Amino acid sequence: MQLLRLNALAPNFQLPQTAVTIGNFDGVHLGHQAMVSQLKEVAKAQNLKTLVMKHHHGFHHSEKK
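The numbers in the UniProt record's numbering rise by one with no breaks, and the one at position 64 of the sequence shown is 64.
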């Protein structure tokens, strides 16, 4: 496993062709395990790398009016 910090990457950094899931992984419960397992299956079938992108609760924020 490799940890990439997006804010530390070079501006011209490019990932290889990659299957990605993005979410707030607050623990690796059965639902998250199933999602990562499916991601790995899809990536393997299409010869892709996998990437799990984690963010915190405040990442998606909508203003209430």
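Virtual Cβ for every residue (Gly too), placed ideally from N, Cα, C. Nothing here was measured: the structure is a model prediction, and the numbers come from that model.
**Message:** So, for residue 43: in the same chain, excluding its five sequence neighbours on each side, which residues have a beta-carbon less than 6 Å away from its beta-carbon?
**Reply:** Indexing the sequence shown from 1 puts residue 43 at position 43. Close CB contacts of residue 43 within its chain, under the 6 Å cut and outside five residues either way in sequence, are with 19 and 50 (chain order).
**Rounded separation between residue 15 and residue 9 - CA only** = The residue labelled residue 15 in the question sits at position 15 within the sequence shown. The residue labelled residue 9 in the question sits at position 9 within the sequence shown. Residue 9 has its alpha-carbon roughly 11 Å from the corresponding atom of residue 15.
**Item:** Nearest residue (CA-CA) to residue 17, options 24, 48 and 28
**Value:** For the purposes of this step, residue 17 is taken as residue 17 along the sequence shown, with counting starting at 1. For residue 17, the nearest C-alpha among the options comes from 48.
**Item:** Enclosing alpha helix (DSSP H) for residue 8 [first to last residue]
**Value:** Taking the sequence shown and counting its residues from 1, one reaches residue 8 at position 8. Premise fails: residue 8 is in no alpha helix (DSSP H) and is neither H nor E.
**Prompt:** Cβ atoms of residue 21 and residue 3: under 8 Å apart, would you say?
**Reply:** As a first step, residue 3 must be located in the sequence shown, where it is residue number 3. As a first step, residue 21 must be located in the sequence shown, where it is residue number 21. Against a cut-off of 8 Å, the Cβ pair of residue 21 and residue 3 comes out as no contact.
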